[in-house]
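J.:
Residue numbers (our numbering): 20 to 290.
#1: Pull up the DSSP beta-bridge partners for residue 11, would you.
#2: What's the call for residue 88, buried or exposed, on a 16-neighbour Cβ count within 10 Å?
#3: Drop a sphere of 10 angstroms on the beta-carbon of residue 122, count the other beta-carbons inside from all chains shown, and report buried for 16 or more, exposed for fewer.
#4: Would the stretch 179-194 count as touching the stretch 210-228 if we require 3 or more Cβ pairs under 8 Å?
#5: I need the boundaries of the alpha helix (DSSP H) containing residue 150, first residue and last residue.
#6: Whose C-beta lies closer than 7 Å to the C-beta of residue 135 among residues of the same chain, with five residues either side of it excluded?
#7: Just to check my reading of the structure: residue 206 and residue 218 have Cβ atoms closer than 8 Å, yes? What is that Cβ distance to the nearest angstrom?
#8: Name the DSSP beta bridge partners of residue 138, please?
#9: Go through the stretch 48-91 residue by residue and report every complete run of the alpha helix (DSSP H) that reaches 4 residues or more, in order.
#10: With DSSP as the reference, label residue 207 as helix, strand or coil.
#11: Short of 7 Å in beta carbon distance, which residues of its chain neighbour residue 44, apart from the five on each side in sequence? Order them along the chain.
#12: Give me the Cα-Cα distance between residue 110 and residue 180, rounded to the nearest whole angstrom.
#13: From the DSSP output, which residues share a beta bridge with residue 188?
#14: With distance defined between alpha-carbon atoms, name the residue in 62, 57 and 56 nearest to residue 196.
#15: Just to confirm, are residue 66 and residue 223 a CB contact at a threshold of 9 Å?
#16: Looking only at DSSP bridge pairs, what is residue 169 linked to?
#17: Under 8 Å by Cβ, that's how I've got residue 146 and residue 118 pegged, so tell me the actual separation to the nearest angstrom.
#18: Measure how close the beta-carbons of residue 256 and residue 267 come, nearest whole angstrom, since I'm counting them as under 8 Å.
#19: Closest by CA to residue 215, which one among 283, 83, 106 and 152?
#20: Among 252, 289, 203 and 139, which one has its Cα closest to the Cα of residue 183?
#21: Could you tell me the alpha carbon to alpha carbon distance between residue 198 and residue 55, rounded to whole angstroms?
#22: Would you mind giving the Cβ-Cβ distance between residue 169 and residue 157, rounded to the nearest angstrom? I have them listed as a contact below 8 Å.
#23: On the three-state DSSP scale, how would you describe residue 263?
#24: If residue 221 sits next to residue 249, beta carbons under 8 Å apart, how far is it from one beta carbon to the other, in whole angstroms?
#25: Are the beta-carbon atoms of residue 124 and residue 69 separated by less than 9 Å?
#26: Please classify residue 185 as buried or exposed, where buried requires at least 16 other C-beta atoms within 10 Å of its C-beta.
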């Protein structure tokens with residue numbers, strides 16, 4: 020798929036952060052903000068936007084480290100993460116850590132087909148030279164023949180499979196996603212201090228469903244899925260003292276949401 024390398028880069032980022040945090044690599048840093056900084060670099064009207072807190076000194080990563088100490092499989096998981104990084108020919112401390120900033124974002128656009136679906140990763144690296152070196156190393160280890168490309172804008176670096184995809188996602192002279200009222204409303208329903216926050220534009224989903232139905236001749240429409248009036252979906256993952264809390268919010272549509280109580284929780288041991 021066109022977005023493969025971008026998603027691999029994001030996956031490496033997540034694996035690396037887990038390795039560093041759960042291995043005691045966190046330091047003292049700032050708390051997470053209420054709005055992802057990268058949203059100011061992306062245009063309004065993207066299909067989806069995901070923001071990952073990559074500041075290992077944040078309270079969220081400190082809590083994750085404490086939480087991970089309770090799991091007997093922690094050390095084995097760290098070894099598996101190290102092996103996954105090694106297969107890509109990268110080392111966290113040498114290659115990845117200096118190539119990242121305190122935030123890593125993913126923005127998605129799509130014209131309704133797999134070939135038109137594009138993903139762009141963004142970060143403001145602590146060391147731009149290390150970022151460029153990491154991209155070169157990933158390209159050297161990729162046998163597909165299609166190199167990843169990047170573009171620098173205001174200290175931020177956008178990474179994708181083509182410059183066209185980057186142009187399609189970056190704000191340029193268009194309205195920024197951070198200034199979009201739907202995005203701001205959706206993110207306003209989530210805690211600012213979270214490891215991951217995600218946004219999906221409901222109207223873009225509606226348009227994709229309509230286009231896919233038209234291309235396939237299936238007659239499927241957004242109303243049959245309860246999506247016709249969907250404005251947005253947003254979600255977050257936050258680390259708390261006793262676990263990870265997933266929050267979700269939506270506006271419009273008929274997604275069948277509601278309060279939920281587990282009927283199986285009584286069978287889970289208290290410790």
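Even glycine gets a Cβ: it sits at the ideal position worked out from N, Cα and C.
T.: In short:
#1: Given a span of 20 to 290 for the chain in the structure shown, any question on residue 11 remains unanswerable.
#2: Numbered from its first residue, the chain shown carries residue 88 at position 69. Around the beta carbon of residue 88, a 10 Å sphere encloses fewer than 16 other beta carbons of the protein chains shown; the residue is thus reported as exposed.
#3: The sequence position of residue 122 within the chain shown is 103, counting from 1. Label assigned to residue 122: buried.
#4: no
#5: As a working note, residue 150 is residue 131 in the chain shown. It spans 147-159 - the alpha helix (DSSP H) in which residue 150 sits, taken as one unbroken run.
#6: On the chain shown, position 116 is the one that residue 135 refers to. Correct list, in chain order: 129.
#7: In the chain shown, residue 206 corresponds to position 187, counting from 1. In the chain shown, residue 218 corresponds to position 199, counting from 1. Between residue 218 and residue 206 the Cβ distance is about 6 Å, and since that is below 8 Å, they are a contact.
#8: If you number the chain shown from 1, residue 138 lands on position 119. Answer is 127, bridged to residue 138.
#9: Within the stretch 48-91, the complete alpha helix (DSSP H) segments of 4 residues or longer fall at 78-87, listed in chain order.
#10: Start at 1 with the first residue of the chain shown, and residue 207 comes out as number 188. Residue state, collapsed to three classes: helix.
#11: Residue mapping note: residue 44 aligns to position 25 of the chain shown, counting from 1. Its pLDDT being 41, under 50, residue 44 is placed unreliably in this model, and the coordinates cannot settle the point.
#12: Translated into the one-based positions of the chain shown, residue 110 becomes position 91. Translated into the one-based positions of the chain shown, residue 180 becomes position 161. Cα-Cα distance, rounded: 23 Å.
#13: Against the chain shown, residue 188 aligns to sequence position 169. Bridge partners of residue 188: none, in fact.
#14: Translated into positions along the chain shown, residue 196 becomes position 177. Comparing Cα positions, the closest option is 62.
#15: Within the chain shown, numbered from 1, the residue matching residue 66 stands at position 47. Within the chain shown, numbered from 1, the residue matching residue 223 stands at position 204. Cβ atoms of residue 66 and residue 223: closer than 9 Å.
#16: Counted from its first residue, the chain shown places residue 169 at position 150. Its beta-bridge partners are 178.
#17: Counting from 1 along the chain shown, the entry for residue 146 is found at position 127. Counting from 1 along the chain shown, the entry for residue 118 is found at position 99. Contact holds; Cβ gap of about 7 Å.
#18: As a working note, residue 256 is residue 237 in the chain shown. As a working note, residue 267 is residue 248 in the chain shown. With a Cβ gap of about 10 Å, residue 256 and residue 267 do not count as contacting.
#19: Stepping through the chain shown from its first residue, residue 215 is reached at position 196. Taking only the C-alpha atoms, the option nearest residue 215 is 83.
#20: Along the chain shown, one-based indexing puts residue 183 at 164. Nearest option by C-alpha distance: 139.
#21: On the chain shown, residue 198 is found 179 positions in, with the first residue counted as 1. On the chain shown, residue 55 is found 36 positions in, with the first residue counted as 1. For residue 198 and residue 55, the distance between alpha carbons rounds to 12 Å.
#22: Counting from 1 along the chain shown, the entry for residue 169 is found at position 150. Counting from 1 along the chain shown, the entry for residue 157 is found at position 138. The pair is not a contact, with the Cβ atoms about 11 Å apart (cut-off 8 Å).
#23: If you number the chain shown from 1, residue 263 lands on position 244. In the structure shown, residue 263 sits in a strand (DSSP, three-state: E or B).
#24: Counted from its first residue, the chain shown places residue 221 at position 202. Counted from its first residue, the chain shown places residue 249 at position 230. 3 Å between Cβ atoms; contact.
#25: Numbered from 1 along the chain shown, position 105 holds the residue referred to as residue 124. Numbered from 1 along the chain shown, position 50 holds the residue referred to as residue 69. A contact, by the Cβ cut-off of 9 Å.
#26: Taking the chain shown and counting its residues from 1, one reaches residue 185 at position 166. Buried: at least 16 other Cβ atoms inside 10 Å.
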